[in-house]
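Participant:
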Amino acid sequence: MKNNVRLWLGVAVGTMGAVAHAQTASNATIYGRINTTVESQKVTGLDRTTVLQNNASRWGIRGTEDLGGGMKALFQLESGFNSDTGGFTNNFGQGTSPALFNRESFVGLSGGFGTVRAGRITSPVYFASADYVSMHNHDTGTSSDALFNFFATGVNNNNSITYKTPSFGGADVEVAYSLAAGFLQINPNGFNELPGSNNQRNFQVAVNWVGGPLHLGGGYAQMKDRSGLPATPEVKDETTVIRALYEMGLITVGGYYERSKFDFGPGARRSRNNIRLAGMYTMGASEFHLNVGIADDFSGLPSSGAKQATVAYNYNLSKRTKVYAFYTQVDEDSNGTFYVSGTPGSKFSSLALGVRHNF
Numbered sequence: 071m072k073n074n075v076r077l078w079l080g081v082a083v084g085t086m087g088a089v090a091h092a093q094t095a096s097n098a099t100i101y102g103r104i105n106t107t108v109e110s111q112k113v114t115g116l117d118r119t120t121v122l123q124n125n126a127s128r129w130g131i132r133g134t135e136d137l138g139g140g141m142k143a144l145f146q147l148e149s150g151f152n153s154d155t156g157g158f159t160n161n162f163g164q165g166t167s168p169a170l171f172n173r174e175s176f177v178g179l180s181g182g183f184g185t186v187r188a189g190r191i192t193s194p195v196y197f198a199s200a201d202y203v204s205m206h207n208h209d210t211g212t213s214s215d216a217l218f219n220f221f222a223t224g225v226n227n228n229n230s231i232t233y234k235t236p237s238f239g240g241a242d243v244e245v246a247y248s249l250a251a252g253f254l255q256i257n258p259n260g261f262n263e264l265p266g267s268n269n270q271r272n273f274q275v276a277v278n279w280v281g282g283p284l285h286l287g288g289g290y291a292q293m294k295d296r297s298g299l300p301a302t303p304e305v306k307d308e309t310t311v312i313r314a315l316y317e318m319g320l321i322t323v324g325g326y327y328e329r330s331k332f333d334f335g336p337g338a339r340r341s342r343n344n345i346r347l348a349g350m351y352t353m354g355a356s357e358f359h360l361n362v363g364i365a366d367d368f369s370g371l372p373s374s375g376a377k378q379a380t381v382a383y384n385y386n387l388s389k390r391t392k393v394y395a396f397y398t399q400v401d402e403d404s405n406g407t408f409y410v411s412g413t414p415g416s417k418f419s420s421l422a423l424g425v426r427h428n429f
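This is how it looks when you write it as structure tokens:
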């Protein structure tokens, strides 16, 4: 533990020094978000608890360098941390290596041809759908979208290469592919994936279009995974999603429709529909939010769907700081075990009061 602490401190100090030097040669900035709530949470079958909840707090470094001729070099390094304890989130990446920049870690080039990035990158399809319509708390914490198919998109995907087109008529397209880069070892039965390694291959295409108050988007994603053993079937999850958002003065409404396919095991490939609607009404510094999602039954599994609803209020103290409150609830149908606790028909709810500050 002491060695890990020394390593993290050493990396952080070295990074700060590198940033100070980089600012003399390129446009580099430090940014972040601290987002914390006090919540009263309840899961079916368990006692109600009061907790201090981190909501995807993070800090990072990003920058660009003008290379001339309309071309730029760019990079981003982003680390998630627990605002309630100060510790890192998702400490480990491949194998047992500490993952300091566990959210984003990429380098790239941009120009008239578009933008190319390589590294650990957040899912473009997720950004174009679930994240885009989550207006009350940036799809973080206990009120985040519990029904979206993250099995197909991933969230922060390792070993990714992406290409984003220039904007044309308000639209752009981004293609991403995550390479299978798990660590393999030879055993008497063939190749075996080491614990903690990432042997997934993810393909995504995301489209976004903005035409005044109307925003349209969506995409397709698939995730393939294999254990490394020749006799083990490959698992593939897929999702296709379309999204719309419309701004009408003080009112903003949005939503998405998702069609997914999941591999539950050999011979158990199941499909599911998922719909989410979100609305925001602004009045001065106040925002009033309503967010509702409904997931259909999985094919061949009656009463396996779920519903989620969130009511929220935000008060913006400044452009960077807000206080907020919300109530969120996820209800599984009588045979549902996919979304809450693994126990059929479970329910999760939380009443929260929080502060969010961007820097």
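Going by the working numbering, 260 is the number at position 190 of the sequence shown; the sequence numbering is gapless. The beta carbon of each residue, even a glycine, is placed where N, CA and C say it ideally should be.
Counting only runs of 3+ residues fully inside the stretch 300 to 385, write out the beta strand (DSSP E) ranges in chain order.
Facilitator: Complete beta strand (DSSP E) runs here, min 3: 305 to 318, 321 to 333, 339 to 353 and 356 to 365.
Participant: How about the stretch 234 to 244 and the stretch 205 to 221: do they share at least three Cβ pairs that are nearer than 8 Å?
Facilitator: The stretch 234 to 244 vs the stretch 205 to 221: no contact.
Participant: Answer yes if the stretch 403 to 419 comes into contact with the stretch 368 to 379, meaning at least three C-beta pairs across the two stretches below 8 Å, and no otherwise.
Facilitator: Taking 8 Å as the limit for Cβ pairs, the verdict is that the stretch 403 to 419 does touch the stretch 368 to 379.
Participant: Taking a contact to mean a Cβ-Cβ separation below 8 Å, would you say Glu-308 touches Ala-246 in this structure?
Facilitator: No, the Cβ-Cβ distance between Glu-308 and Ala-246 is not below 8 Å.
Participant: Considering only the beta carbon of each residue, do Ala-188 and Ile-231 sit closer than 8 Å?
Facilitator: Closer than 8 Å, so yes.
Participant: Quick check on the burial criterion: 16 or more other C-beta atoms within 10 angstroms. Buried or exposed for Tyr-101?
Facilitator: Exposed, since its Cβ has fewer than 16 Cβ neighbours within 10 Å.
Participant: Quick check on this structure: which residue in Thr-114, Gln-123, Val-275 and Leu-116 has the alpha carbon closest to the alpha carbon of Val-108?
Facilitator: Closest option to Val-108, Cα to Cα, is Gln-123.
Participant: Exposed or buried, Asp-117, counting other C-beta atoms within 10 Å across all chains shown (16 or more means buried)?
Facilitator: By the 10 Å Cβ count, Asp-117 comes out exposed.
Participant: How long is the line joining the alpha carbons of Leu-286 and Phe-158, rounded to whole angstroms?
Facilitator: Looking at the two C-alpha atoms, the distance is approximately 35 Å.
Participant: Please report how far the alpha carbon of Thr-416 lies from the alpha carbon of Leu-179, in whole angstroms.
Facilitator: Checking the sequence, you will find Ser at residue 416 rather than Thr. Rounded to whole angstroms, Ser-416 to Leu-179 spans 47 Å at the Cα level.
Participant: Thinking Glu-174 and Thr-185 are a contact (beta carbons under 8 Å), I'd like their distance in whole angstroms, please.
Facilitator: That belief does not hold up - the Cβ atoms of Glu-174 and Thr-185 are roughly 14 Å apart, past 8 Å.
Participant: Does Phe-176 come out as helix, strand or coil in the three-state DSSP assignment?
Facilitator: Strand at Phe-176.
Participant: So is Ser-356 buried or exposed if we call it buried at 16+ other beta carbons inside 10 Å?
Facilitator: Ser-356 should be labelled exposed.
Participant: In angstroms, rounded to a whole number, what distance separates the CA positions of Asn-229 and Arg-271?
Facilitator: So the alpha carbons of these two residues sit roughly 9 Å apart.
Participant: With a threshold of 6 Å on Cβ separation, who are the neighbours of Asp-201 within its own chain once the five nearest residues in sequence on each side are excluded?
Facilitator: Asp-209, listed in sequence order.
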